[in-house]
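Mapping of the sequence shown onto my numbering: position 182 corresponds to residue 181, and the numbering continues sequentially without gaps.
Note that beta-carbon positions come from the ideal geometry of N, C-alpha and C, so glycine has one too.
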Amino acid sequence: MRLKYVLNEVLVGLWRNVTMTVAMIITMSVSLTMLGASVLMYMQVDQMKKYYYGEIQVSIFLKKDVTDAQRTAINQAIDNNPLVLSKEYESRQQAFEKFKVLWQDSPDFVKSVTPDSLPESFRVKLKNPEEYKTFADQIQSQQGIQDIVDQRQLLDKVFKIFNSIQLMSLVTAAVMALAALLLVGNTIQVAAYSKRREVAVMKLVGASNWFIQAPFVLEAVVAGLIGAIFGFVALFVGKLVLLDGQLQALTKILTPVPTGNVMLMLPLLAAVGAGVSAVTAWVTLRFYLKV
0 MRLKYVLNEV LVGLWRNVTM TVAMIITMSV SLTMLGASVL MYMQVDQMKK
50 YYYGEIQVSI FLKKDVTDAQ RTAINQAIDN NPLVLSKEYE SRQQAFEKFK
100 VLWQDSPDFV KSVTPDSLPE SFRVKLKNPE EYKTFADQIQ SQQGIQDIVD
150 QRQLLDKVFK IFNSIQLMSL VTAAVMALAA LLLVGNTIQV AAYSKRREVA
200 VMKLVGASNW FIQAPFVLEA VVAGLIGAIF GFVALFVGKL VLLDGQLQAL
250 TKILTPVPTG NVMLMLPLLA AVGAGVSAVT AWVTLRFYLK V
């Protein structure tokens, strides 16, 4: 009987303050969407780092006047180095073929370049990309080497951009979460004020604080759960439409976002939405409404 009463009061409370309930759900869904997007971005950046750093190559560009003896010596030095996992030699012609593919949308630029303009190189994959500095110091002394380039340095700049986007998402989510907390607290205060006489009567007949507070707390929990569902739907649709569609077609740097990661957001957002709403409602009732 008590459970039926509490549930009935929850439904009545949600409908009685329908405007503020809708505003609370919308605010909660936006903040949870930003939170979920931030978590997904964090997981995706880590996945991309593992993927791209695992594919990193050290490019050893040779001088134009490199001799056969120097080339052979460099090749042997690479083969004998214990840090090397694999290597690939790229001639000027092979480099030119890759150049033509890379700049195929700029035919005039391609015509201005010849195979002799591009250096031959060795593309080396290390067992541990973190040991680039050690490898470079060991191989730099070989004659005929023009430059040694670590792709990691280029990728670090890209990932700094992703990390900045990630930080901005977290800040935005935090701001929206604060707005949601304030709105939840305000909604609970209004709901409790509208039922102040009923609360006073219940206190007089000996009702416990838990029994009085339960309907208000559950109102906030229901709103938080609905907001979490909307947030999850927004994330799932965003993955299908943007990441798996338009953005994936525009750039190849984005690795596919696993559907499993997106599915994990549903219980996460539900737990955060319900938990934050419940705690906020309980604190509001305990410290602001003397029930």
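Proximity to Val29 across Arg285, Leu169, Ile187 and Met262 peaks at Leu169, based on C-alpha coordinates. With fewer than 16 other CB atoms across the displayed protein chains lying within 10 angstroms of its CB, Ala270 is exposed. If one requires a minimum length of 4 residues, the alpha helix (DSSP H) runs lying completely within the region 215 to 283 are 246 to 249, in chain order.
Per DSSP, the beta bridge partners of Glu89 are Ser120.
Inter-residue distance for Ser140 and Gly35 is about 50 Å (C-alpha atoms, whole angstroms).
In the structure shown, Gln43 adopts helical secondary structure according to DSSP, grouped into three states.
For Asp149, the enclosing beta strand (DSSP E) begins and ends at Ile144 to Asp149. The beta carbons of Ile138 and Ala76 sit closer together than 7 Å. The Cβ atoms of Gly237 and Leu268 do not sit closer than 7 Å to each other. Straight-line spacing of the CA atoms in Ala135 and Phe108 works out to 32 Å. Per DSSP, the beta-bridge partners of Ile59 are Phe121 and Ile147. Going by beta carbons, Ala222 and Thr32 fall outside the 7 Å limit. Within the model, the alpha-carbon separation for Asp155 versus Glu119 is close to 25 Å.
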